[in-house]
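**Q** Take a look at the following structure, please.
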Amino acid sequence: MLKDFIRPDDGLTKEDRKVATAQLQNRLTAQQQLIRNAKLPVIVLIEGWAAAGKGSLINDLISEIDPRFSSVFSADSALKEADRYPFLFPFFSAVPEEGKLLFMDSGWLESSVRALMCGDIGKKEFRRRIVSVNSFERQLRDSGYIVLKLFLNISQETQQERLRKLCDDDDTSWRVTADDLWQNEDYAGFRKAYDEFMSETQEITPWHILDSSKRNLVKYDAFRLLTEAIDAGVAVGKFRGKPFEADFAMSESVSLADADLSAQLDEETYSDELKRLQKRISHLHNIIYRERIPIVICYEGWDAAGKGGNIRRLAYPLDPRGFDIYPVSSPEPREKSRHYLWRFWTRLPRTGHVAIFDRSWYGRVLVERVEGLCADADWMRAYNEINEFERDLTEWGAVVLKFWIHIDQQTQFARFKERQSNPEKQWKISDEDWRNRLKWPQYEEAVAEMFEKTSTEYAPWHIIESNDKLYARIKVLRIVVEAMEKAIEEKKG
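If you want it as C-alpha cells, here you go:
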C-alpha cells in the first residue's frame with residue numbers, strides 16, 4: 003500500500019487548492035449542525051509516520067469546529083494510562099457521543115506496529131489485534147458511527163529532514179523521541195508492518211493514504227474526505243448493521259429446564275462452607291493481585307432471585323482496594339448516546355483487580371429485547387458482539403464468569419409478597435417488577451437463546467439454582483474458587 007503509493011493528480015494549482023480548502027473548511031463548519039440533528043457520531047483516526055504532521059493537521063481540522071462538540075484523543079497519553087487494561091480499552095473508552103466528533107492523534111495502528119517492532123508483542127498477538135480491530139470497527143459502523151481512517155505518508159528522506167530540523171531547534175527538540183529516530187532508520191521494516199496491518203483492516207472501513215510532503219496537499223485531501231464522509235452519512239442516516247453469523251467455540255449447552263431447583267443446604271453445612279470458601283477467596287485474591295490476573299464477574303437472573311445477597315457473600319472476603327461492584331440499571335443519557343458496550347468497557351478492572359456486574363451487557367438481549375427498547379437488528383446482532391467482547395477479555399488474560407441466578411415463578415411470587423409486606427424491604431419491589439413478572443415466558447425464551455448463542459468455551463454460563471439462597475451462594479463461591487485456582491496455575495505454569 004505505502005510502497006507504491008502515488009497521489010493522483012487532481013489538476014488543481016496551488017492557488018486553486020487553497021480556495022477549495024477554504025470552501026471545504028466552511029462546509030465542515032456547517033456540517034456540525036447536520037451531524038447533531040442526525041445524531042451521527044464521527045471518529046477521525048489520523049495515523050502516519052513520525053513528523054508527518056498529524057498534530058498540525060488536527061489543528062487545521064478543528065480550527066473552526068465548536069469545541070463543545072468535538073474532542074481530541076492523544077494516543078501517547080492514553081496508552082500510558084492503559085497499560086493494565088485490554089488493548090482496545092483506551093480506544094473504546096474514547097468513542098464520542100451521538101452528534102459529536104472525535105479526532106484521534108494516532109490509535110490502534112501505530113500502537114500495534116510500534117509494539118511489534120519493539121518486541122513488546124509477537125506476531126501472534128499482532129494478528130490477534132487485527133482481528134479485534136476489525137470487530138471494533140464493524141461494531142462502530144453497525145451502531146451508526148462514521149469512521150474515517152487517514153494515514154499521513156512521507157518518504158524516508160523527508161522524514162529524516164523534518165526530524166533533523168526539529169532536533170536542531172531547542173523549542174522543538176523535545177518532540178523527537180529515540181523511537182522516532184529508530185523508525186526512520188528502520189523505515190522499510192515499519193512500512194512492511196504498517197502495510198500488513200492496513201491491508202488486513204481495510205474491508206470494514208477503508209484506509210486513505212495522504213501525501214503529507216506538502217501541507218497544502220494533506221490539508222485539502224483531509225477536509226475533502228471528511229466532508230464527503232459526513233455528507234454520505236447524513237444522506238443515508240444512522241446506519242444499523244444486520245445480524246451476522248460468526249464462528250465461536252461454544253461450550254456444552256445449558257438449559258433452565260435442566261436446573262435442579264430442589265437443591266438446598268442445611269444451615270450448619272452452609273456456615274462451615276461459607277467460612278472455608280471465603281477464607282480461600284481472600285487468600286487467592288492476594289495471589290490474583292500479585293500475578294495481575296483480572297477477573298470479570300457478571301450476574302444476571304430473575305428479579306428477587308437473590309443476586310444482591312449472593313454478591314455480598316462473594317465481595318466480603320475480597321480486599322476492598324482490589325474490587326468494584328457495578329449495579330447496572332437503565333443507561334444514562336451520556337451512555338445511551340454511545341455504543342451500548344461503552345459503559346462496560348469503561349468499567350473493566352485493571353490487571354489484578356475484580357469487577358462484579360450486578361446486571362450487565364446482557365441487558366441488550368434480555369430487557370431491551372423483551373421490552374422493545376432497541377431495534378430487533380440491534381439485539382440480534384449483539385450475540386456475536388458480546389462474544390467478541392468476552393473473547394477480547396479472555397485473550398487479554400481475564401477470567402470471565404457469568405452467573406444466571408435462577409428461581410421458579412412460585413418462589414419469585416412469595417419473595418415479592420414478602421418484600422411488599424416488610425417495611426424494611428419495600429424499597430426492593432416496584433410496579434415494574436410486577437409488570438416484568440407477567441412477561442416471564444418472553445424472558446424465558448430470551449434467556450434460552452442467550453445461553454445458546456453466548457455460552458462459549460472461554461466464557462460459559464453457569465446456572466445457579468437459588469430457590470434455596472444458601473445453596474446458591476455456596477455454589478457461586480465454589481465456582482469462583484475453582485476459576486481463580488485454575489487461572490493462577492495457568493499463569494504460573
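In the working numbering, the protein residues as written are 3 to 495.
Beta carbons are placed, not taken as given, at the ideal position from N, Cα and C, and that holds for glycine.
Keep in mind the model is a prediction, meaning the values are calculated, not measured.
1) If we cut at 7 angstroms on Cβ distances, does residue 173 have a partner in chain D?
2) Among 259, 61, 54 and 239, whose alpha-carbon lies nearest the alpha-carbon of residue 443?
3) Output the boundary residues of the beta strand (DSSP E) element that contains residue 329.
4) Residue ranges of each alpha helix (DSSP H) run of no fewer than 4 residues wholly in the stretch 100-150, ordered along the chain?
5) Using CA atoms only, rank isn't needed, just tell me which of 244, 477 and 273 is closest to residue 387.
6) In chain order, what residues of the same chain lie with their CB nearer than 6 angstroms to the CB of residue 9, ignoring the 5 residues before and after it?
7) Assuming the contact rule is C-beta atoms closer than 8 angstroms, residue 224 and residue 59 should be a hit. Round their C-beta distance to whole Å, please.
8) Could you please give me the residues that DSSP links to residue 253 through a beta bridge?
9) Leaving out the 5 sequence neighbours to the left and right, which residues in its chain are closer than 8 angstroms to residue 146 when beta-carbon positions are compared?
10) Determine the direct distance from the alpha carbon of residue 141 to that of residue 336, and round the result to whole angstroms.
11) Answer with buried or exposed for residue 380, where buried requires no fewer than 16 other C-beta atoms within 10 angstroms of its C-beta.
12) Here's a check: name, in chain order, each residue in its chain whose Cβ is nearer than 7 angstroms to the Cβ of residue 87, leaving out the five neighbours to either side.
13) Write down the C-beta distance between residue 103 and residue 67 rounded to the nearest angstrom, noting that I regard them as a contact closer than 8 angstroms.
14) Flag this pair as yes or no: are the beta carbons of residue 457 and residue 298 separated by less than 7 angstroms?
15) Measuring straight from C-alpha to C-alpha, what distance separates residue 235 and residue 250?
16) For the beta strand (DSSP E) containing residue 76, list its first residue and its last residue.
17) In terms of DSSP beta bridges, what is residue 464 paired with?
18) Roughly how many angstroms separate the alpha carbons of residue 166 and residue 183, rounded to a whole number?
19) Label residue 303 either buried or exposed according to how many other C-beta atoms from any shown protein chain fall within 10 Å of its C-beta, with 16 as the threshold for buried.
20) If you follow the alpha helix (DSSP H) that residue 220 is in, where does it begin and where does it stop?
21) Give me the Cα-Cα distance between residue 32 and residue 48, rounded to the nearest whole angstrom.
22) Per the DSSP calculation, residue 360 is bridged to which residue(s)?
23) Under three-state DSSP, which class holds residue 210?
24) So, for residue 2: in the same chain, excluding its five sequence neighbours on each side, which residues have a beta-carbon less than 6 angstroms away from its beta-carbon?
25) Work out the CA separation of residue 30 and residue 425 for me, nearest whole Å.
26) By DSSP, does residue 57 sit in helix, in strand, or in coil?
27) Report the three-state DSSP secondary structure of residue 50 (helix, strand or coil).
28) Would you call the CB atoms of residue 493 and residue 293 closer than 7 angstroms?
29) Tell me whether residue 348 sits in a helix, a strand or coil according to DSSP, three-state version.
30) For residue 419, tell me which candidate among 306, 22 and 78 has the shortest Cα-Cα distance.
31) Alpha carbon to alpha carbon, how far is residue 383 from residue 16? Give it in angstroms, no decimals.
**A** The short version:
1) Note that chain D does not occur in the displayed structure, where there is just one protein chain.
2) Ranking the options by Cα distance to residue 443, first place goes to 259.
3) DSSP places residue 329 inside the beta strand (DSSP E), whose first and last residues are 325-329.
4) Those alpha helix (DSSP H) runs which fall completely within the stretch 100-150 and span 4+ residues are 110-120 and 125-144.
5) When each option's Cα is compared against that of residue 387, the closest is 244.
6) These residues qualify, in order along the chain: 213.
7) Contact between residue 224 and residue 59 holds, with the beta-carbon distance rounding to 6 angstroms and staying under 8 angstroms.
8) Residue 253 is not bridged to any residue.
9) Within its own chain, the residues whose Cβ lies closer than 8 angstroms to the Cβ of residue 146, once the five positions on either side in sequence are excluded, are 41, 42, 43, 100, 240, 241 and 242, listed in chain order.
10) Rounded to the nearest angstrom, the two C-alpha atoms are 18 angstroms apart.
11) With a threshold of 16 other beta carbon atoms within 10 Å, residue 380 meets it and is buried.
12) Within the same chain, residue 87 has close Cβ partners 350 and 352.
13) Correct: roughly 7 angstroms between the Cβ atoms.
14) Contact: no.
15) Spanning the two alpha carbons is a distance of roughly 32 angstroms.
16) Start and end: 72-76.
17) Residue 464 is bridged by DSSP to 405.
18) Annotation: residue 166 to residue 183 spans about 9 angstroms, alpha carbon to alpha carbon.
19) Buried, by the Cβ-count rule.
20) Per DSSP, the unbroken alpha helix (DSSP H) holding residue 220 starts and ends at 217-238.
21) Going from the Cα of residue 32 to the Cα of residue 48 covers about 22 angstroms.
22) Per DSSP, 301 and 329.
23) Secondary structure of residue 210 (DSSP, three-state): strand.
24) Here the chain has residues from 3 to 495 only, and residue 2 is not among them.
25) Residue 425 and residue 30 have their C-alpha atoms roughly 58 angstroms apart.
26) Reduced to three states, the DSSP call for residue 57 is helix.
27) Reduced to three states, the DSSP call for residue 50 is strand.
28) With respect to residue 293, residue 493 sits close: the two C-beta atoms are nearer than 7 angstroms.
29) It is coil, neither helix nor strand.
30) With distances taken between Cα atoms, residue 419 lies closest to 306.
31) Going from the Cα of residue 16 to the Cα of residue 383 covers about 48 angstroms.
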